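The sequence shown begins at 384 in this note's numbering and counts up by one.
Built from N, CA and C at the ideal position, the CB exists for glycine as well.
No experiment lies behind these values; they were computed from the predicted model shown.
Let me begin by presenting the structure, written as structure tokens, before commenting on it.
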Amino acid sequence: MKLAQLRYLTAIVDCGFKISAAAEKLHLSQPGVSRQLKVLEDELGFELFVRDGRNLLKLTPAGQKVYERAQKVLRETQAIRAMSQDVRDPSHGSLSIATTHTQARYVLPEVIGRFRQRYPQVRLHLHQGTTEQISQMLVNGEVDIAIATGAKEQMPHCVLLPCYEWYRRVVVPRDHPLARAKTLSLQKLAGYPLVTYVFNMTGPASLPDAFAAEGLEPDIALTARDADVIKTYVKLGLGVG
Numbered sequence: 384m385k386l387a388q389l390r391y392l393t394a395i396v397d398c399g400f401k402i403s404a405a406a407e408k409l410h411l412s413q414p415g416v417s418r419q420l421k422v423l424e425d426e427l428g429f430e431l432f433v434r435d436g437r438n439l440l441k442l443t444p445a446g447q448k449v450y451e452r453a454q455k456v457l458r459e460t461q462a463i464r465a466m467s468q469d470v471r472d473p474s475h476g477s478l479s480i481a482t483t484h485t486q487a488r489y490v491l492p493e494v495i496g497r498f499r500q501r502y503p504q505v506r507l508h509l510h511q512g513t514t515e516q517i518s519q520m521l522v523n524g525e526v527d528i529a530i531a532t533g534a535k536e537q538m539p540h541c542v543l544l545p546c547y548e549w550y551r552r553v554v555v556p557r558d559h560p561l562a563r564a565k566t567l568s569l570q571k572l573a574g575y576p577l578v579t580y581v582f583n584m585t586g587p588a589s590l591p592d593a594f595a596a597e598g599l600e601p602d603i604a605l606t607a608r609d610a611d612v613i614k615t616y617v618k619l620g621l622g623v624g
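Encoded structure:
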């Protein structure tokens, strides 16, 4: 079994089970890819694809398992190549970061700017997603580090290091009654519809749990994962952000 054969397998699946498209993507001939696929199946002792004549329809159950493992092997191979480049020259190479939109938009620009000044030859790759998606990227080895806001229960297989402290802020239109309030409390907020983040945390930092601790039920009008989206709907008068 060769790495190239696993690469052909994943390319075929990624190209909608079309060998011709996979061959074009790999800059190879279609007969060559077909031949190597046959060699791989002969070595494994079972078919990887369900066929209709010469057409590939889908992966067989065994083929699905091989495909998933092939993806992992190829990711690890790429990671080893990247690591070798970093070892040979630490001032070059690449760094993949998984983060949320909020972190990428409001927190990381200044940090990344300083990093680029210090390591101008390092290529940076930002991958955005939810906390759950970010955790999975890290576990799968798709990224080097993750920067996110969430509970440790959401990242059970990761080592968590505190990065900075953050605080909640209330956002309202200028003519809103709360804009004139000298102090705010959960009791006051409970009297208005809320536009807030998707609840992806539990414990003291969770908004629903904070209200529940005070015996209150929040009126959630809308949830979103993007601070800009929240502010937009607050401006429209949908609720308190």
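| Query | Result |
| --- | --- |
| Do the segment 540-559 and the segment 596-609 make contact, defined as three or more Cβ pairs closer than 8 Å? | no |
| Are the beta-carbon atoms belonging to residue 402 and residue 480 less than 8 Å from one another? | no |
| What is the DSSP secondary structure of residue 619, counted as helix, strand or coil? | coil |
| If we call anything under 8 Å between Cβ atoms a contact, is residue 431 one with residue 446? | yes |
| Going by C-alpha distance, which of 471, 498, 489 and 459 is nearest residue 478? | 498 |
| What number of angstroms, rounded off, separates the C-alpha of residue 598 from the C-alpha of residue 574? | 13 Å |
| To the nearest angstrom, how far is it from the Cα of residue 449 to the Cα of residue 425? | 14 Å |
| Anyone know if the C-beta pair for residue 513 and residue 457 falls short of 8 Å? | no |
| Would the beta-carbon of residue 431 be found less than 7 Å away from any heavy atom of the ligand ZN? | Absence of the ligand ZN from the depicted structure is noted, as is the absence of any ligand whatsoever, leaving it without description. |
| Taking DSSP's pairing of strands, which residues face residue 576 in a bridge? | 602 |
| How big is the Cα-Cα spacing for residue 429 and residue 623? | 60 Å |
| According to DSSP, simplified to helix, strand and coil, what is residue 551? | coil |
| Taking contact to mean at least 3 C-beta pairs separated by less than 8 Å, is the segment 504-519 in contact with the segment 548-555? | no |
| If I'm right that residue 423 touches residue 384 with Cβ under 8 Å, what's the distance once you round it to whole angstroms? | 7 Å |
| Check whether the Cβ atoms of residue 566 and residue 517 lie closer than 8 Å to each other. | no |
| Taking Cβ to Cβ, would you say residue 485 is nearer than 8 Å to residue 610? | yes |
| Could you please give me the residues that DSSP links to residue 441 through a beta bridge? | 433 |
| Have a look at the DSSP bridge pairing and note the partners of residue 460. | Its beta-bridge partners do not exist; DSSP assigns none. |
| Let me make sure I understand the geometry here. Which of 564, 558 and 531 has the alpha-carbon closest to that of residue 549? | 531 |
| Would you kindly check if the distance between the Cβ of residue 427 and the Cβ of residue 400 is under 8 Å? | no |
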